[in-house]
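Chemist: Those letters in the sequence shown? Residues -27 to -1, 1 to 276, by mature numbering (1 follows the signal peptide of the UniProt record, and there is no 0).
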Amino acid sequence: MRNRRHRPRAAVAIATAVLLGATALTACDASGGDSPAPKGPSAHDKPSPKPTPTWDTDPNSLAAVGDSITRGFDACSVLADCPEASWATGTDSEVRSLATRLLGKERAATHSWNYAKTGARMTDLPGQVEQAALKRPELITVMAGANDACRPSADSMTPVAEFRADFEEAMRTLRRELPKTQVYVTSVPDLKRLWSQGRTNALGKQIWKLGICASMLADPDDLDASATQRRATVQGRVVAYNDVLKDVCAKDLRCRYDGGAVFDYRFDGDQLSHWDWFHPSKNGQSRLAELAYRQVKAKDPGA
């Protein structure tokens, strides 16, 4: 290290005075006469950096969790999964899945994954989320709850408190593994509307006898007080589940609930599978994809 030379204090004082004097003259000349010099920008005047948006409308990868609807059940053939027709990750050009719309066909083929299972309930969601987290997706879609209401009887539906606990566990699992991954949560479909649409088809009612959503669909033509009350009980449970989804999602900055868009959608015969008149057809899957895309891409879905 070089030795520092100490200048005489007098020389330093003179040099400082000369410098200050030159600066003062320059300031006067720049402003004209005795007017004060204009103030230049300072560190305090710099604009604050824009905050990073909590919701990214252009995720680069996607994983789906949930139940038979996300597996495309009965969209292509009777009583069988058809994941290529899934609203979330399917490859069918007729559906144009959310993954295809967000990522493009080529990237969707390598950067979207479907971990949904036919028959899954909310209690299965933490395990599905754990699997999905291994892919480290930037967006996870959740469609679950229909099977918690669709039980052999209304008395065997999942209690609301258990439903909440399972969903909260799934969210904790996700945040433990992927703190910045976004979550899009759909509402549970309006099962009563599906009953009212499907009961007009004789073939559909025969398929329902195999046990599809018996709590709502059993004895579809029975309109007595007991059957009416049973359906109202199931419908009320679906509404309660949706309240849970909305509430839990609202506590997470990177979670977006669909605002009841799926529940409110007025499905008709064209959107229902002609194999069971309950699950979405390819047309119905496409409508789900459209609803999801609109919600994911919105800067403010509540506006």
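Every residue, glycine too, gets a C-beta built ideally from N, C-alpha and C.
1. Would you mind stating whether A89 and Q101 have Cβ atoms separated by less than 8 Å?
2. Looking at chain C, is there any beta carbon in it that lies within less than 8 Å of the beta carbon of E142?
3. Could you work out which residue in Q268, P274, K255 is closest to R69 when comparing CA atoms only?
4. Please state whether DSSP places C49 in a helix, a strand or coil.
5. From the DSSP output, which residues share a beta bridge with P253?
6. Let's test the definition: count the other Cβ atoms within 10 Å of the Cβ of R267 and tell me whether it reaches 16, buried, or not, exposed.
7. Any idea which residues DSSP pairs V38 with across the strands?
8. My understanding is that S160 touches D225, with C-beta atoms under 8 Å, so please give their C-beta distance in whole angstroms.
9. How is R267 classed by DSSP in three states: helix, strand or coil?
10. Do I42 and A119 come within 8 Å of each other at the CB atom, strictly closer than that value?
11. My output table needs one value for R229: the three-state DSSP class, helix, strand or coil.
12. Can you find the residues in the same chain that come closer than 7 Å, C-beta to C-beta, to P32, ignoring five residues on each side of it along the sequence?
13. Within this structure, are the beta carbons of V212 and L164 separated by less than 8 Å?
14. What are the partner residues of S85, as DSSP defines its beta bridges?
15. Looking at the structure shown, is V212 part of a helix, part of a strand, or coil, going by DSSP?
16. Looking at the secondary structure, which residues open and close the beta strand (DSSP E) in which V158 lies?
17. Got a sec? Which residues, its chain only, sit under 6 Å from W250 by beta carbon, not counting five neighbours each side?
18. Roughly how many angstroms separate the alpha carbons of Y238 and L35, rounded to a whole number?
19. Figure out for me which residue from L98, V158, H84, A198 has the closest Cα to the Cα of A138.
20. At the level of alpha carbons, what is the spacing between M189 and P162?
21. Using the rule of at least 16 other Cβ atoms within 10 Å of the residue's Cβ for burial, across every protein chain shown, is P56 buried or exposed?
22. If you drop the 5 nearest sequence neighbours on each side, which residues of the same chain put their C-beta closer than 7 Å to that of D192?
23. Determine whether the beta carbon atoms of C49 and A37 lie at a separation below 8 Å.
24. Mapping DSSP to helix, strand and coil, what is N174?
25. Between M116 and G39, how many whole angstroms is the CB-CB distance? I'm expecting something under 8 Å.
26. Which residues in the same chain have their Cβ closer than 6 Å to the Cβ of A234, if we skip the five residues on either side of it in sequence?
27. Distance, Cα to Cα, residue 277 vs A106?
28. Any idea if P253 is buried or exposed, counting beta-carbon neighbours within 10 angstroms, 16 or more meaning buried?
Modeler: In this structure, then:
1. yes
2. Looking for chain C here will not work: only one protein chain is present.
3. K255
4. coil
5. Beta-bridge annotation (DSSP): P253 is paired with L245.
6. exposed
7. According to DSSP, V38 shares a beta bridge with V115.
8. Not confirmed; about 16 Å, so no contact.
9. helix
10. yes
11. strand
12. L75, E111, L112, Q155
13. Not in contact: V212 and L164 (Cβ atoms no closer than 8 Å).
14. L35
15. helix
16. In the DSSP assignment, V158 falls within the unbroken beta strand (DSSP E) covering 155 to 158.
17. G171, N174, G177
18. For the pair Y238 and L35, the Cα-to-Cα distance works out to about 24 Å.
19. Of the candidates L98, V158, H84, A198, the one whose C-alpha sits nearest the C-alpha of A138 is L98.
20. 13 Å
21. By the Cβ neighbour-count rule, P56 is buried, with 16 or more other Cβ atoms within 10 Å of its own.
22. Only A200 meet the Cβ criterion.
23. no
24. coil
25. 4 Å
26. L264
27. The requested residue 277 does not occur in the structure, where the chain is confined to residues -27 to 276.
28. buried
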